[in-house]
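Step one of this worksheet: look at the structure below.
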Amino acid sequence: MLLIVYVDVVTIQGKLQRLEKNDLNFGYRASTFQDMTDLAAIVAVTFFNYKRVAAAELIEKAGLKGFRIGGAVVSDIHANFFVNVDNSTSRDMLDLIALVKDKVDQKFGVQLKEEVLYFHPHCTGLD
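In structure tokens, the structure reads:
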């Protein structure tokens, strides 16, 4: 069973806004997002943080903030947010996640673990 607790969105003004599950109004082919015109992106934390250092800090120190593959980009606002800026494909996003994991591991010896869930039946993650 999948449970959504909240969704973080970025407005056109660059403000991060959290919507709780009760605000989302999910239904058959419907959600609150269809009526929202001031969103620049729907974002999610991509990797789990570690006790001693945040994943965003490692990604930024690896020089990957703003890095792009196809339409998928590491956010300039928060390095642990990966954003679809130009009709990104799932392959773009998966390739970006794999590249970030590899670069952080090479530079710091830290193996990032994805916090995102994969929904496609053939996609079991990158491990």
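Following UniProt numbering, the numbering of the sequence shown begins with 1 at its first residue and continues without gaps.
The beta-carbon is built from N, C-alpha and C at its ideal position, and this holds for glycine as well.
None of these values were measured; they are calculated from a predicted model.
Top-ranked residue by Cα proximity to residue i, from the options
i, options, result
"PHE26", "LYS65, VAL7, ALA55", "VAL7"
"residue 135", "ALA30, VAL5, GLN13, THR32", "With the chain represented from 1 up to 127, any question about residue 135 goes unanswered, as that position is not in the structure."
"VAL73", "LYS103, ARG52, ASP102, ASP92", "ASP92"
"ALA79", "SER88, GLY71, PHE67", "PHE67"
"ILE97", "ASN87, ILE77, ILE69", "ILE69"
"GLY109", "ILE59, VAL9, ALA30", "ILE59"
"VAL9", "ALA30, SER88, SER75, VAL53", "SER75"
Coil, strand or helix - residue i by DSSP
i, result
"GLN17", "strand"
"ASP86", "coil"
"ARG91", "helix"
"GLU114", "strand"
"PHE108", "helix"
"ILE69", "strand"
"ALA30", "strand"
"ASP102", "helix"
"LEU126", "Unreliable placement is indicated for LEU126, whose pLDDT of 47 sits below 50; no coordinate value is reported for it."
"ASP8", "strand"
Between the CA atoms of residue j and residue i - distance to the nearest angstrom
i, j, result
"LYS15", "GLU114", "24 Å"
"residue 128", "ALA55", "Since the first residue shown for the chain is 1 and the last is 127, residue 128 is missing from the structure and cannot be characterised."
"GLY63", "PHE81", "14 Å"
"VAL100", "VAL85", "17 Å"
"SER90", "ARG18", "24 Å"
"LYS95", "GLN13", "Note on identity: in this sequence residue 95 is Asp, with Lys being the wrong assignment. Using only the alpha carbons, I get a separation of about 28 Å."
"TYR28", "GLN106", "44 Å"
"ASP127", "ASP23", "Unreliable positioning characterises ASP127 in this predicted model, as indicated by a pLDDT of 42, which lies under 50. The coordinate reading is nonetheless provided below. The straight-line gap from Cα to Cα measures roughly 34 Å."
"THR32", "VAL116", "21 Å"
"ILE65", "LYS103", "The identity of residue 65 in the sequence shown is Lys, whereas the question assumes Ile. Whole-angstrom Cα-Cα distance: 12 Å."
Closer than 9 Å to chain D by CB, residue i
i, result
"ILE97", "Among the protein chains of the structure shown there is no chain D, as only one such chain exists."
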